[in-house]
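Trainee: Sharing a structure with you now.
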């Protein structure tokens, strides 16, 4: 395989990469690139707002979503330097109203997503859909929890809710709002004059691009932040300000934060089983084609972001989009920028796996102990890995017949197929951020919905989600209506066995998935477990 040719004119190559969004009738994105201390590319593409017709420019403010998280982590470390926070203290030391679920997670564990708490945003989103989840509502969800995803420290699972709790701890320890603290201690000292934390879309702030979601059949509708956000995703910025921040982030001499604090920020997490992950404190460190990257992505209803630096090459990249659809991926396009600008130092790309060469692995797999639903599926001709009924995400080969998947924000999955029986793989060993599970193959031929629905229709309630589920058989489909505090989410339950289902939301704007595992007594369903990629073990009982 030949290496990518290095472009003679980087600007022209980057213009070509982003040309498809250089139009005046759709939303788009903004791109900033700096190399060895020089800004070599700053462009806006498409419209900042379909309503106003204003174009995106390098000065357009956009939401960076979850890229906010490492700013919140640094804020905690600054307060630790001030003697106002203890990073390794229990979060209940600062928020005592949280339930005493043992072991209690520390602030550090919330920062590296090993805290184990469920996520208030997920609890609301999967039952309410579009909702205006305010700060107190989010805390109320966390306070009512009687269970956890896993005991604190045992593994990792990305949690926006954990960063919501960190934001409240920052406010209580500093005596200032989260927004004010970031402005005074981070943005102002570095001259990031167009950057601020904006917790809701109700705020009117000049220059912020509108978020856009694709309308089924064509066109767009207005996206939204999804309620109130703090350390999990509140920051609004520009590519110019984010390039200032990236230069500071990879600097050998930081103006903000001690070197000891930055060492903690950039140290990958070691899990209890001894493995070392890729997630640090609000940042990820991963290798792409032989070069180390430090980055964090972000996504919300109507936009996405990728902030990335290649420290050894002093290459800084920020891409922020005010649309979300299949053609726009800031993370993928940041990698393409690396391909173009660092072609002479990159290793050959790792090939994806053709699914036609591993058909014995294709199928669904299940872990009875944890109710987890996995799959090895066809992903546009490649072998894809599915988690909680998601579409297959392409994997790459590792040694000894194993497969790898770099899951943004969550580190690496390692999938090892077991022995084959009758030409079909019968199990998968799945290792992920400190956890190990063996999933057994489900039957290749699922039951008809009418058969799987026997004894299932009825109403169920989950205390921890504060939601009611109504299940019924309609027109040959098993439908589940989840109703939360402020809204509803409709799902279709696709049977894999008579007791295991893949759940698919039928709202075209919110194509989320989950796994559902039914408990029965004498054939009658009495309860079920609801599991998503970020929230586990939610128990619904028949009412």
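Residue numbers (the numbering used here): 3 to 545.
Each residue gets a CB set at the ideal place from its N, CA and C atoms; glycine is no exception.
1. Considering only their Cβ atoms, is the gap separating residue 66 from residue 300 smaller than 8 angstroms?
2. So, is residue 3 buried or exposed, given that buried needs 16 or more other C-beta atoms within 10 angstroms?
3. To the nearest angstrom, how far is it from the Cα of residue 238 to the Cα of residue 154?
4. Does residue 385 come out as helix, strand or coil in the three-state DSSP assignment?
5. Is any beta-carbon of chain B found at less than 8 angstroms from that of residue 527?
6. Is the separation between the beta-carbon of residue 63 and that of residue 199 shorter than 8 angstroms?
7. What span of residues does the beta strand (DSSP E) with residue 531 cover, start to end?
8. State the CB to CB distance for the pair residue 480 and residue 498, rounded to an integer number of angstroms; the pair is presumed to be in contact (CB under 8 angstroms).
9. To which residues of the same chain is residue 486 closer than 6 angstroms at the C-beta, ignoring the five residues directly before and after it?
10. Apart from the five residues on each side of it in sequence, which residues of its chain come closer than 8 angstroms, Cβ to Cβ, to residue 187?
11. Tell me the start and end of each unbroken beta strand (DSSP E) in the stretch 452-506 that is at least 3 residues and wholly inside, in chain order.
12. Alpha carbon to alpha carbon, how far is residue 536 from residue 101? Give it in angstroms, no decimals.
13. With 16 as the cutoff for other CB atoms within 10 Å, does residue 138 come out buried or exposed?
14. When the Cα of residue 219 is compared with those of 525, 517, 530, 510, which residue comes out closest?
15. With residue 290 and residue 340 assumed to form a contact (beta carbons below 8 angstroms), what rounded beta-carbon distance in angstroms separates them?
16. Would you call the stretch 43-62 and the stretch 259-272 touching, i.e. three or more CB-CB distances under 8 angstroms?
17. In the DSSP assignment, what residue or residues form a beta bridge with residue 286?
18. Helix or strand or just coil, what does DSSP make of residue 396?
19. Tell me the rounded alpha-carbon separation between residue 1 and residue 323.
20. Among 152, 162, 369, 106, whose alpha-carbon lies nearest the alpha-carbon of residue 444?
21. Whose CA, out of 513, 501, 506, 514, lies closest to the CA of residue 530?
22. Please go through the same chain and pick out, in chain order, the residues whose beta-carbon is closer than 7 angstroms to the beta-carbon of residue 519, but skip the five residues on each side of it.
23. Verify whether the separation of the beta carbon atoms of residue 390 and residue 515 is less than 8 angstroms.
24. What's the call for residue 517, buried or exposed, on a 16-neighbour Cβ count within 10 Å?
25. Take the Cβ of residue 234 as the centre, count every other Cβ of all protein chains shown within 10 Å, and call the residue buried at 16 or more, exposed below.
26. Using three-state DSSP, classify residue 191 as helix, strand or coil.
27. Report yes if the CB atom of residue 492 is closer than 8 angstroms to the CB atom of residue 475, and no otherwise.
28. Can you tell which of 541, 433, 410 has the C-alpha that lies nearest to the C-alpha of residue 576?
29. Is DSSP giving residue 70 helix, strand or coil here?
30. From residue 313 to residue 286, what does the alpha carbon distance come to, in whole angstroms?
31. Quick check on this structure: which residue in 490, 482, 523 has the alpha carbon closest to the alpha carbon of residue 504?
32. Just how far apart, CA to CA, sit residue 61 and residue 38?
33. Identify the continuous beta strand (DSSP E) that holds residue 438 and give its terminal residues.
34. Tell me whether residue 478 is buried or exposed, calling it buried when 16 or more other Cβ atoms sit within 10 Å of its Cβ.
35. Cα-Cα, which of 544, 538, 30, 384 is closest to residue 151?
Mentor: Short version:
1. Going by C-beta atoms, residue 300 is nearer than 8 angstroms to residue 66.
2. Confidence at residue 3 is low in this model, with a pLDDT of 43, below 50, so its placement is unreliable and the value that follows should be read with caution. Under a 10 Å Cβ-count criterion, residue 3 is classified as exposed, with fewer than 16 other Cβ atoms of the shown protein chains found around its own Cβ.
3. Straight-line Cα distance between these residues: approximately 31 angstroms.
4. If DSSP states are grouped into helix, strand and coil, residue 385 belongs with the strands.
5. The structure shown has no chain B; it contains just one protein chain.
6. By the CB criterion at 8 angstroms, residue 63 and residue 199 fall outside the cutoff.
7. Judged by DSSP secondary structure, residue 531 falls within the beta strand (DSSP E) whose first and last residues are 526-533.
8. Between residue 498 and residue 480 the Cβ distance is about 12 angstroms, and since that is not below 8 angstroms, they are no contact.
9. In the same chain as residue 486, and ignoring 5 residues on each side of it, the C-beta atoms closer than 6 angstroms to its own belong to 129, 130, 469, in chain order.
10. Taking C-beta separations shorter than 8 angstroms and ignoring five residues to either side along the sequence, the partners of residue 187 in its chain run 77, 80, 258, following chain order.
11. The qualifying runs are 460-464, 469-476, 479-485, 490-497.
12. Rounded to whole angstroms, residue 101 to residue 536 spans 20 angstroms at the Cα level.
13. With fewer than 16 Cβ atoms within 10 Å of its Cβ, residue 138 is classed as exposed.
14. Checking every option, the nearest Cα to that of residue 219 belongs to 510.
15. In this structure residue 290 is in contact with residue 340, their Cβ atoms being roughly 6 angstroms apart against a cut-off of 8 angstroms.
16. Short answer: they don't touch.
17. Bridge partners of residue 286: 281, 297.
18. DSSP places residue 396 in the strand class (E or B) of the three-state scheme.
19. Nothing in the structure corresponds to residue 1, since the chain is present only between 3 and 545.
20. The residue with the shortest Cα to Cα distance from residue 444 is 369.
21. Of the candidates 513, 501, 506, 514, the one whose C-alpha sits nearest the C-alpha of residue 530 is 501.
22. Excluding five sequence positions before and after residue 519, the CB atoms of its chain that fall closer than 7 angstroms to its own CB belong to 373, 501, 502, 530, 531, given in chain order.
23. Contact: yes.
24. Around the Cβ of residue 517, a 10 Å sphere holds 16 or more other Cβ atoms; the residue is buried.
25. Buried, because 16 or more other Cβ atoms sit within 10 Å of the Cβ of residue 234.
26. Of the three classes helix, strand and coil, the one that applies to residue 191 here is helix, per DSSP.
27. No, they are not a contact pair.
28. Only positions 3 to 545 of the chain appear in the structure, and residue 576 is not among them; the question remains open.
29. Helix, per DSSP.
30. Those two C-alpha atoms are separated by around 13 angstroms.
31. Closest option to residue 504, judged by alpha-carbon separation, among 490, 482, 523: 482.
32. The straight-line gap from Cα to Cα measures roughly 22 angstroms.
33. Segment 437-443, the beta strand (DSSP E) holding residue 438.
34. In this structure residue 478 is exposed. Its beta-carbon is surrounded by fewer than 16 other beta-carbon atoms within 10 angstroms.
35. Measuring from the Cα of residue 151, the nearest candidate turns out to be 538.
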